[in-house]
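So the structure is just underneath, and the comments pick up after that.
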Amino acid sequence: MSEELALAVKDAVSVVNDPHMGISIVEMGIVQSIAIDGSTAELVIKPTNPGCMSVTRMAAQAKAEALKVEGIDKVKLIIEGHVMADSLNEMLNKDN
1 MSEELALAVK
11 DAVSVVNDPH
21 MGISIVEMGI
31 VQSIAIDGST
41 AELVIKPTNP
51 GCMSVTRMAA
61 QAKAEALKVE
71 GIDKVKLIIE
81 GHVMADSLNE
91 MLNKDN
């Protein structure tokens, strides 16, 4: 079941594009991993550069799309490799 949910989440977040490249964040490898724990999806997102100014928007869009997946009630985002990763992680997960 969790593998099916992970694939459904991957498909859902595939509609989110990098605004500079116009390519899916999944296809670009920005979404590093998707893990499912019960009804919680955990997405690890690593921007293409450590100062990417669009990572917050991409992550928020990915979270919104993942929450649309039936069986997913919560999404935890983990931003890695960004100069403000700690602050972004706190901000993006404050409602969890």
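Using UniProt numbering, read the sequence shown as starting at 1 and increasing by one per residue.
Yeah, the Cβ is synthetic: ideal placement off N, Cα and C, and Gly gets one too.
By DSSP's assignment, Asp-37 forms a beta bridge with Thr-40. Taking each of Glu-90, Leu-88 and Thr-48 in turn and checking the Cα distance to Ser-24, the smallest one comes out for Thr-48. Shortest Cα-Cα distance from Ile-79 to any of Ala-59, Ala-64 and Leu-5 involves Ala-59. Val-55: member of the alpha helix (DSSP H) spanning 55-67, first to last residue. In terms of Cβ geometry, Ile-34 and Val-75 do not form a close pair [threshold 7 Å]. Looking at the DSSP output, Val-31 bridges to Ile-45.
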